[in-house]
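Read the sequence shown against the working numbering and you will find it ends at 213, with the numbers running on by one and no gaps.
Working notes for the structure below.
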Amino acid sequence: LITASQAIEQGRSVYAVPGHINAPSAMGSNRLIQQGAKLVMDASDILDDLQILLPESKPIPAAMRPLPELSESERSVYDAIEASETAIDAIAARCNLPSPTVSSVLLRLELKRLVKQLPGKYFVKLG
């Protein structure tokens, strides 16, 4: 309790879970609340308070995010995928690469989280 009291005096956050008013075991936490500790009913009380301390981060849109380093074949296959879902045969035709090569390149792009495979061997760009 001494450390908590010093933290309150220094303006640091102190949290306490209230107890029954007549319970001797709750005397310390109830006293801390009386002295200025923040009352906690559940975890969201602490998380809401800590959220204020975290800087607000906004996700970067995919169009503004730079692509990671890609090999020539990865770049060719990635560029062959349209904005909507694209069949693997259409990707292979646009790249002028054999289907097995396109399949392995698409797998690498999936592992880099740049594309996603849909049912029917269709692919879409992520983000």
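Ideal placement from N, C-alpha and C gives every residue a C-beta, glycine not left out.
Which of helix, strand or coil does DSSP assign to residue i?
i	result
Gln137	helix
Ala102	strand
Leu125	strand
Leu204	strand
Would you kindly work out how many angstroms separate the C-alpha atoms of residue i and residue j, rounded to a whole number?
i	j	result
Ser91	Ile132	18 angstroms
Gly114	Lys211	57 angstroms
Phe209	Arg199	12 angstroms
Leu118	Ala109	15 angstroms
Hey, residue i and residue j are a contact pair by Cβ (cut 8 angstroms); roughly how many whole angstroms apart?
i	j	result
Ala173	Val188	The pair is not a contact, with the Cβ atoms about 11 angstroms apart (cut-off 8 angstroms).
Gly192	Val163	The question names Gly, but residue 192 is Leu in the sequence shown. So it is a contact: roughly 6 angstroms between Cβ atoms.
Tell whether a beta-carbon distance below 9 angstroms holds between residue i and residue j.
i	j	result
Ala93	Val100	yes
Leu183	Ser159	yes
Asp165	Lys207	no
Gly126	Ile167	It should be pointed out that residue 126 corresponds to Val in this sequence rather than to Gly. No, the pair does not count as a contact, with Cβ atoms beyond the cut-off.
Once the 5 residues before and after residue i are set aside, which same chain residues still bring their CB inside 7 angstroms of it?
i	result
Ser111	Gly105
Gly122	Ile94
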